[in-house]
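Just so we're aligned: the sequence shown equals residues 1 to 527 in full-length UniProt numbering.
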Amino acid sequence: MLKTRSALRSFSTISPTHLSQSKWVYKNSMPLDTSRKVDSGELNMNSGKFPKMFEEDQTLMKNNLDLSLLDNAFKKYEKITLNSLESTYLTSKISPLDTAKQLKNYLIANKKDTKFETFKNFNYLPINFALNQNIKLKNPETAKNLREIMKKFRNVPVKYCFAYGSNVFKQQNNNGANKQTDLIMATTFPDHFHSLNLNRNEGHYSFLKRFGSDFISKVENMGPGVYFNPYVKVGDQLVKYGVVSIEKCVSDLLSWDNMYLAGRLHKPVKIIRDDPRVRFINQENLRNAAGVSLLLLSSQNLEKKQFTLAQLFEAVAGLSYQGDIRTKIGGENPKKVQNIVAAQNEEFKELYAPLLDIFKFDEFISFTDASSQNFQINDSPIYKAFIIENLPSSFKTRLYKRYLSSNPNTNSPISTTSKAILDGTNRAKFSDVFQTATTFSTALAISQKNTPISTDVSQYSTSEEFVADPLALEISQSEHLNDLVLKSLSDTILYPSIVQSIKGVFTAGVSKSWSYAAEKRKKYKSA
């Protein structure tokens with residue numbers, strides 16, 4: 001029977017023994033290196049000073065946060081080490097979001113201070129949180145190149161940064177010369193970033209630099225909210241870097257506002273400079289990507305009972321290209337998704353292994369061979385309804401609207417569905433992350449596992465039968481589910497991609513834009 005629960009599960013430290021209980025991960029050929037910390041030292045842009053992130057955030061928060069509460073929280077961490085909030089997904093089948101919610105409530109109950117509810121407190125996540133996102137580079141030369149690139153930006157405020165694309169992780173049939181290294185840099189105050197960057201790297205900008213940093217930041221906010229400087233020469237390397245506000249970054253990961261950043265993070269990337277808030281939300285972004293991809297596979301192949309991991313990863317990698325204007329006008333390699341997955345199969349496994357372990361534990365999928373390369377999907381509507389009900393809020397709004405517009409006489413009692421979802425007025429907030437249950441296993445099943453210390457969670461755990469929202473349940477049984485999801489993805493991606501493409505002509509300049517378009521067209525023709 002399908003259950004949903006909320007429990008502050010086992011307070012324990014991570015150990016290889018405990019991690020080994022995540023069967024799917026460790027029976028495969030790609031076990032994660034659990035001894036590796038956030039950056040393995042191979043690309044530590046903070047020169048071994050990662051905790052300074054937390055020190056800086058603590059300074060910023062002094063005016064808004066009772067630090068005695070944090071002291072109280074740290075004392076509890078020191079005593080029980082919340083198993084990295086049980087949120088690496090490597091040791092936990094209970095959602096990190098749900099566990100974090102219980103941790104928050106637990107601390108509030110002991111301190112009676114509602115200021116702890118601010119999401120910024122998750123700057124204090126354990127350093128091993130969501131280790132699967134820390135993909136190790138195979139080529140040491142790539143790590144060296146990224147270090148050299150980031151030296152160019154050592155004096156500008158970069159809160160979160162990742163590198164992506166074929167120059168970071170290889171893509172099949174993509175060996176062209178003069179490839180760019182792609183970067184995304186998230187910052188708290190983009191206008192301040194551009195002001196400093198204009199002083200130090202004025203040559204990176206197009207003619208828009210004449211209008212100043214405030215104007216540039218306004219241009220940045222158009223469309224998906226990213227400002228790109230392409231074909232920038234850093235040493236002997238070509239670089240394209242995008243600047244985005246950390247707020248827009250987290251919002252897109254949480255809600256799928258436009259999937260411009262969420263979609264890039266669905267695929268393997270190299271995190272250069274980390275931010276715990278982004279890390280926390282991105283784990284949910286990855287889970288949603290896997291969930292939607294499983295929905296697509298099961299609904300587009302009604303007669304097919306068995307799927308491969310490669311098919312799943314291609315579905316995941318293809319989500320962000322649905323509706324992208326570049327794919328519609330021949331500006332992107334039509335085989336790009338297949339090329340990405342073929343060359344990065346091991347990286348995809350590392351990124352999604354703990355998430356697939358959750359879906360396996362929840363009996364939504366079951367592996368059919370010893371190598372765990374093939375799996376079956378549970379076609380029960382209740383499982384699909386649970387995934388639909390917990391989709392990112394902006395994307396769910398579009399999906400619900402799509403369904404209701406094509407089924408005006410639906411029998412679902414609309415009163416049971418949030419008005420905010422139906423009329424599109426809802427906007428996800430940081431605090432909403434605590435409202436989402438991401439798995440429907442019972443705490444009891446988990447608490448019975450052998451762990452280094454006691455896992456008695458009876459004083460925290462509750463369990464109740466999951467009752468699906470009637471509209472989500474109805475959508476899950478629609479024969480047009482696949483089409484609804486694909487069109488909702490297109491609704492999410494198309495307009496922002498058009499705006500970003502037009503914006504690129506101005507942010508890059510005509511000459512660079514022409515070079516970029518010509519390069520993309522060449523890849524399209526050679527496919």
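Glycine included, C-beta positions come from ideal geometry on N, C-alpha and C.
Keep in mind the model is a prediction, meaning the values are calculated, not measured.
Other residues of its chain near residue i: CB distance less than 7 angstroms, five sequence neighbours each side excluded
i, result
"Ala289", "His266, Val316 and Leu319"
"Glu202", "Lys209"
"Trp256", "Ala262, Pro392, Ser394, Phe395 and Thr492"
"Leu198", "Tyr205, Lys209 and Ser213"
"Ala472", "Ala385, Ile388 and Glu389"
"Gln376", "Lys305, Gln306, Ile365, Ser366 and Thr368"
"Val239", "Ile149, Gln180, Thr181, Leu183 and Val232"
"Lys248", "Gly225"
"Gln172", "Asn339, Ala342 and Ala343"
Of the residues the options, the one placed nearest residue i, counting alpha carbons only
i, options, result
"Ile325", "Ala143, Pro230, Gln373 and Pro496", "Pro496"
"residue 537", "Pro392, Glu303 and Arg147", "Residue 537 lies beyond the range of the chain shown here (1 to 527); nothing can be said about it."
"Gly165", "Leu484, Ile184 and Phe359", "Ile184"
"Ser488", "Phe348, Pro408 and Gln322", "Gln322"
"Arg264", "Phe162, Leu198 and Ala468", "Phe162"
"Phe506", "Gln171, Leu137 and Glu220", "Glu220"
"Lys136", "Lys218, Lys270 and Phe211", "Lys270"
"Phe467", "Ala385, Ser490, Val292 and Leu481", "According to the sequence provided, residue 467 is Val. The question's Phe does not apply to it. It is Ala385."
"Tyr352", "Ser372, Thr142 and Asn333", "Ser372"
"Arg273", "Asp469, Glu332 and Arg147", "Arg147"
"Ser366", "Asn258, Lys248, Val226 and Leu294", "Leu294"
"Leu196", "Gln172, Ser217 and Gln180", "Ser217"
"Val278", "Leu254, Met259 and Leu494", "Leu254"
"Phe169", "Glu141, Val226 and Phe153", "Glu141"
"Phe193", "Leu404, Gln344, Val226 and Val292", "Val226"
"Gln237", "Asn145, Leu494, Ser405 and Pro408", "Asn145"
"Lys138", "Asn378, Gly291 and Ala343", "Ala343"
"Asn283", "Leu355, Val244 and Tyr260", "It is worth fixing the name first, because residue 283 is Gln in this sequence and not Asn. Nearest C-alpha to Gln283: Leu355."
Beta-carbon proximity list for residue i, same chain, < 8 angstroms, skipping 5 on both sides
i, result
"Val499", "Met222, Gly223 and Pro224"
"Val337", "Glu314, Ala317, Gly318 and Tyr321"
"Ala508", "Ser206, Phe228, Asn229, Pro230, Tyr231 and Tyr516"
"Ser490", "Gln322 and Gly323"
"Ser405", "none"
"Asp191", "Ser213, Asp214, Ile216 and Ser217"
"Gln311", "Leu297"
"Asn378", "Glu363, Phe364, Ile365 and Ser366"
Contact with chain B by residue i, beta-carbon distance below 8 angstroms
i, result
"Tyr260", "In the structure shown, chain B does not exist; there is a single protein chain."
Residues near residue i by beta carbon distance below 6 angstroms, same chain, minus five either side
i, result
"Tyr383", "Phe364"
"Asn374", "Gln306, Thr308 and Thr368"
"Lys159", "Ala186, Thr187, Thr188, Ile246 and Asp275"
"Asn167", "Lys179 and Thr181"
"Lys152", "Val234"
"Gln494", "It should be pointed out that residue 494 corresponds to Leu in this sequence rather than to Gln. Taken in chain order, the residues that qualify are Gly323."
"Ile281", "Val250, Leu253 and Leu254"
"Gly291", "Ile387"
Residue environment, residue i, which counts as buried when at least 16 other CB atoms sit within 10 Å
i, result
"Ile502", "exposed"
"Ile329", "exposed"
"Ile388", "buried"
"Arg402", "buried"
"Asn155", "exposed"
"Asp369", "exposed"
"Asn339", "buried"
"Ser35", "Residue confidence is low: Ser35 scores 39 on pLDDT, short of 50, so the model does not pin down where it sits. No coordinate-derived value is stated."
"Ser380", "exposed"
"Phe211", "exposed"
"Gln477", "exposed"
"Gly242", "buried"
"Pro334", "exposed"
"Arg398", "buried"
"Asp252", "buried"
"Gly235", "exposed"
"Glu303", "exposed"
"Pro408", "exposed"
Completely contained alpha helix (DSSP H) runs for the region 212 to 296, where each covers 4 or more residues: 212 to 220, 246 to 255 and 260 to 264
With contact counted as at least three CB pairs below 8 angstroms, one residue from each stretch, are the region 276 to 287 and the region 349 to 361 in contact? yes
Report yes or no: do the region 292 to 301 and the region 479 to 488 share at least 3 C-beta pairs separated by less than 8 angstroms? yes
Unbroken stretches of the alpha helix (DSSP H), 4 residues or longer, contained in the region 342 to 399: 345 to 361 and 381 to 389
Could you give the uninterrupted runs of the alpha helix (DSSP H) lying entirely in the region 133 to 172, keeping only those of 4 residues or more? 140 to 151
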